[in-house]
Amino acid sequence: MSIQFRRSGTALAIATALALATSAYAEGVRQSPINIDKKDVVVTNHAPRITATYQSDATLTVVNTYNPNRVPLVDKEWATLRATPAGASYVMVGNQQYDLLQFHFHTPSEHTISNRGAPMEVHFVHLKTGATPCDPDALLVIGALIKPDDFARSELSKIFNNHSLPEDSTQAAVTINHFDLNKVLPKLNDSLRYAGSLTAPSTFTNCTAQGGSIEDQLSADVFPENVQWVVLTKPVEIPRRNIRAFRHLFEEGNSRETQPLNGRSVYHVHSHN
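According to the numbering used here, the stretch in the sequence shown is residues 313 to 585, in order.
So this is what it looks like as structure tokens:
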């Protein structure tokens, strides 16, 4: 997909632009996901470079977070298929380390580009080293839209080709061995970056005192605003049968609608290095 962007003639202090609010639970002014309008995106070369140190032979534990009639209650529209790798994987954003917690999926895609989405989206969720998930600048999420390509040889097929994927949290987790985390995401430094929020209610116990219970968050329609978003410009490609396998679990979808930008800037960061 070819994307054209507005170029700024002013040096951009992107660290300031991505600085998160003093409270992780602001008044809903920087919610996610968003529609990224190509004509309004600002091109910059002043963003910290992202480098990944991911495991090439990881063991994944895959669970379905749909949690009917249990505590905490997680309805299917806010649930997902979540893969947690054993061992250490992380990214460096400049000199700051963010540790990979898990990755998960949504259908259809949550982010859109010029009002066009994709059948799915994957989110790699990272936690700032030394932080807790409740801290104002705790989370870095790298997202990529997922598009169909029946000729694609995707590492994600190791997950979706499994015929025992759990349909809710009461079913046994699935273990995926020999998974190469480096083979999932496209180039990290061709990306769209902005300050945003979680796209589902926080279930972190220590955060609910500030953000409220899941019910409170849903009632206010405001989710924790402590996320730096990195949306990759190049999509992930997987076979259609893999998309169908995920949609079978979430037939009505599990994506939040796009939220107002509220004056936020979205930065296109591109590096050939």
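Note that CB positions come from ideal geometry on N, CA and C, so glycine has one too.
Just so we're clear, the structure is a prediction, and the values are computed from it rather than from any experiment.
query                                                                                                 : result
Residue span of the beta strand (DSSP E) that contains R553, given as start and end                   : From DSSP, R553 is part of no beta strand (DSSP E) but of the alpha helix (DSSP H) over R552 to L561.
Three-way DSSP call (helix, strand, coil) for F472 in this model                                      : helix
Complete alpha helix (DSSP H) runs within the region 440–499 (minimum length 4 residues, chain order) : 469–472
Q571 burial status per 10 Å Cβ neighbour count (16 or more: buried)                                   : buried
V539 vs L451 beta-carbon contact at 8 Å                                                               : yes
Whether R505 touches V534 by CB criterion (8 Å)                                                       : no
Burial state of E569, where buried means 16 or more other Cβ atoms lie within 10 Å                    : exposed
Through-space distance from Q408 to P345, alpha-carbon basis                                          : 24 Å
Secondary structure of D502, DSSP reduced to three states                                             : strand
P360 to N381 span [Cα, whole Å]                                                                       : 44 Å
Distance, T373 Cα to L497 Cα                                                                          : 19 Å
Reference P536, options T511, S481 and L477, closest by Cα                                            : T511
Euclidean distance between Cα positions of R556 and N566                                              : 14 Å
Local Cβ density within 10 Å of V581, reported as buried at 16 or more and exposed below that         : buried
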